[in-house]
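A short worksheet on the structure shown next.
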Amino acid sequence: MKGRSIEPFFWSLFSSGGMLAALVLPALALALWVAIPLGWLQAPGHQHLVALIGHPVTRLCLFGLIALASFHWGHRFRFTLYDGLQLKHLFGLIATLCYGGATILTAVAAYVLWTF
Amino acid sequence: MNPEYRLYHPKWHRRKVPIFWWLRKWSYMKFILRELTSLAVVYAAVLLLLQVVAVSRGEEAYANFLAFLERPRVLAANILIILGLLFHAVTWFNLAPQALVLRLLGRRIPDRVVLLAHYLGWLAVSALIFGGLARL
């Protein structure tokens with residue numbers, strides 16, 4: 017690769033995504049996908065959620081969370097495949113699939129949240 | 071660079087490592103499990119997005135999504151995912167003192183202070199999320 021490597025850029029996405037995921041996701045997942053289905057917490061009403069997600073700040077936060085979580089996965093899973101399954105010779109293909117998948121998920125999130 | 075040289079094929083110098091090398095030792099297993107938590111992270115991102123889509127499609131789609139979350143298999147899968155997310159969070163915060171070397175008045179802030187700050191932050195964010203959702 018000529019010039020400066022793009023690796024630090026992906027690493028910074030991995031790192032901020034990992035921090036955000038660690039801070040936010042356990043509580044969010046526990047509340048939304050366990051506490052509410054089990055009835056420990058009352059499910060928020062549809063209208064309340066529409067109002068909440070309708071606010072631009074909420075959508076920006078959701079977009080940031082989903083995009084950074086995607087690239088966190090892309091970067092980490094890439095090295096999981098290299099190291100765990102000893103696939104270092106598929107370097108280009110794996111990097112394309114991982115970062116490509118993260119890019120697609122980010123684009124879908126942008127579309128869904130923009131058109132909400 | 072010598073055109074004969076191929077970056078990831080110095081096979082003649084390398085012992086062959088079996089694919090399941092990480093099953094041999096618990097510490098290797100833990101490393102691979104930690105790396106695999108990224109799957110739980112991306113799963114949560116996708117499910118969150120699907121929930122937003124359900125809300126945007128109207129009251130009925132949202133009710134269907136809530137019913138989907140109540141299915142025993144879905145619930146069991148989500149509990150497994152949350153264990154993965156917790157493992158991610160704990161391993162992430164425990165590495166923070168090594169990744170984050172902070173200095174104050176010329177002295178390095180001790181590891182346990184950095185660690186404590188992260189866990190307190192985690193607690194605060196979690197309480198905010200639970201409190202916020204409970205009020206909706």
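For the protein sequence lines, the chains are A and B, in the order given.
Residue numbers for the first sequence follow my numbering, so the first one is 17 and each next one is one higher.
Residue numbers for the second sequence follow my numbering, so the first one is 71 and each next one is one higher.
Heads up, the beta-carbon is just placed ideally off N, CA and C, and yes, glycines get one too.
What residues match up with B:L174 in a beta bridge as DSSP calls it?
-> On the second sequence, residue 174 of chain B is found 104 positions in, with the first residue counted as 1. Beta-bridge pairing links B:L174 to B:R177.
Is it true that the CB of A:I69 sits closer than 8 Å to the CB of A:F30?
-> Against the first sequence, residue 30 of chain A aligns to sequence position 14. Against the first sequence, residue 69 of chain A aligns to sequence position 53. No; because the gap between Cβ atoms is not below 8 Å, this pair is not in contact.
Spatial distance of B:P180 from B:A169 (CA atoms) = Within the second sequence, the letter at position 110 stands for residue 180 of chain B. Within the second sequence, the letter at position 99 stands for residue 169 of chain B. Using only the alpha carbons, I get a separation of about 13 Å.
Quick one: which chain A residues come within Cβ less than 8 Å of B:Q121?
-> Here the question's residue 121 of chain B lines up with position 51 in the second sequence. Result: L48.
Under a Cβ-count criterion, where at least 16 other Cβ atoms within 10 Å of its own Cβ denotes burial, should A:M17 be classed as buried or exposed?
-> Against the first sequence, residue 17 of chain A aligns to sequence position 1. The pLDDT assigned to A:M17 is 46, lower than 50, so where the model puts this residue is not dependable, and the model offers no usable value.
Can a CB atom of chain A be found closer than 8 Å to the CB of B:W92?
-> Mapped onto the second sequence, residue 92 of chain B falls at position 22. B:W92 counts as touching chain A.
Taking A:G100 as the query, report the chain B residues whose CB atoms sit under 7 Å from its CB, ordered along the chain.
-> Taking the first residue of the first sequence as 1, we reach residue 100 of chain A at position 84. Near A:G100 (Cβ distances below 7 Å), the residues of chain B are W92, I102 and E105.
Checking contacts by CB at 8 Å: is B:I179 closer than that to chain A?
-> Stepping through the second sequence from its first residue, residue 179 of chain B is reached at position 109. Chain A has no Cβ within less than 8 Å of the Cβ of B:I179.
Does DSSP classify B:F184 as helix, strand or coil?
-> Translated into the one-based positions of the second sequence, residue 184 of chain B becomes position 114. Rather than Phe, the amino acid found at residue 184 of chain B in this sequence is Val. In this structure, B:V184 counts as helix in the three-state DSSP scheme.
Return the Cβ separation of A:A118 and A:W89 in integer angstroms, given the expectation that the two are a contact with Cβ distance under 8 Å.
-> Translated into positions along the first sequence, residue 118 of chain A becomes position 102. Translated into positions along the first sequence, residue 89 of chain A becomes position 73. Yes, they are in contact, since the Cβ atoms of A:A118 and A:W89 sit about 6 Å apart, within 8 Å.
Could you tell me the boundaries of the alpha helix (DSSP H) in which B:W92 lies?
-> By one-based count along the second sequence, residue 92 of chain B stands at place 22. Going by DSSP, B:W92 is part of no alpha helix (DSSP H) at all; its letter is neither H nor E.
Span of the alpha helix (DSSP H), counted from its first residue to its last, around B:F157 | For the purposes of this step, residue 157 of chain B is identified with residue 87 of the second sequence, where counting begins at 1. P142 to A169 is the extent of the alpha helix (DSSP H) around B:F157.
Between B:L106 and A:T96, is the Cβ-Cβ spacing less than 8 Å?
-> Indexing the second sequence from 1 puts residue 106 of chain B at position 36. Indexing the first sequence from 1 puts residue 96 of chain A at position 80. For the pair B:L106 and A:T96, the CB atoms are nearer than the 8 Å cut-off.
When DSSP labels each residue in this structure, what does B:L103 get in the three-state scheme?
-> Counted from its first residue, the second sequence places residue 103 of chain B at position 33. In the displayed model, B:L103 falls within a helix according to three-state DSSP.
Please report how far the alpha carbon of B:I149 lies from the alpha carbon of A:V50, in whole angstroms.
-> If you number the second sequence from 1, residue 149 of chain B lands on position 79. If you number the first sequence from 1, residue 50 of chain A lands on position 34. One C-alpha to the other measures close to 7 Å.
Chain B contact for A:W116 (CB, 8 Å cutoff) | Position 100 of the first sequence, counted from the start, is the residue given in the question as residue 116 of chain A. Here residue 116 of chain A turns out to be Gly, not Trp, going by the sequence shown. Cβ-Cβ to chain B under 8 Å: no for A:G116.
Going by the beta-carbon positions, is the gap between A:I82 and B:L118 smaller than 8 Å?
-> The count along the first sequence starts at 1 and reaches residue 82 of chain A at position 66. The count along the second sequence starts at 1 and reaches residue 118 of chain B at position 48. Against a cut-off of 8 Å, the Cβ pair of B:L118 and A:I82 comes out as a contact.
Three-pair Cβ contact test at 8 Å for the region 152-165 of chain B versus the region 109-117 of chain B = With the cut-off at 8 Å, the region 152-165 of chain B and the region 109-117 of chain B touch.
Distance, B:R205 Cα to B:G138 Cα | Position 68 of the second sequence, counted from the first residue, corresponds to residue 138 of chain B. Position 135 of the second sequence, counted from the first residue, corresponds to residue 205 of chain B. Note that residue 138 of chain B is Phe in the sequence shown here, rather than Gly. Going by the C-alpha atoms only, they are around 23 Å apart.
Check whether the region 117-132 of chain B touches the region 58-69 of chain A, taking contact to mean three or more Cβ pairs, one atom from each stretch, closer than 8 Å.
-> Contact holds: three or more Cβ-Cβ distances are below 8 Å.
On the three-state DSSP scale, how would you describe A:F132?
-> What you label residue 132 of chain A is simply residue 116 of the first sequence in a count that begins at 1. It is coil, neither helix nor strand.
Rounded C-beta distance between B:V195 and A:L39? I'm assuming under 8 Å.
-> Taking the first residue of the second sequence as position 1, residue 195 of chain B is located at position 125. Taking the first residue of the first sequence as position 1, residue 39 of chain A is located at position 23. Correct: roughly 5 Å between the Cβ atoms.
Measure the C-alpha to C-alpha separation of B:A159 and A:T112 and round it to an integer number of angstroms.
-> The residue labelled residue 159 of chain B in the question sits at position 89 within the second sequence. The residue labelled residue 112 of chain A in the question sits at position 96 within the first sequence. Straight-line Cα distance between these residues: approximately 27 Å.
Just to confirm, are B:F200 and A:A47 a CB contact at a threshold of 8 Å?
-> Walking along the second sequence from the start, residue 200 of chain B turns up at place 130. Walking along the first sequence from the start, residue 47 of chain A turns up at place 31. Contact: yes.
How is the alpha helix (DSSP H) around A:P53 delimited, first residue to last?
-> For the purposes of this step, residue 53 of chain A is identified with residue 37 of the first sequence, where counting begins at 1. Segment: none, A:P53 is in no alpha helix (DSSP H) and carries neither H nor E.
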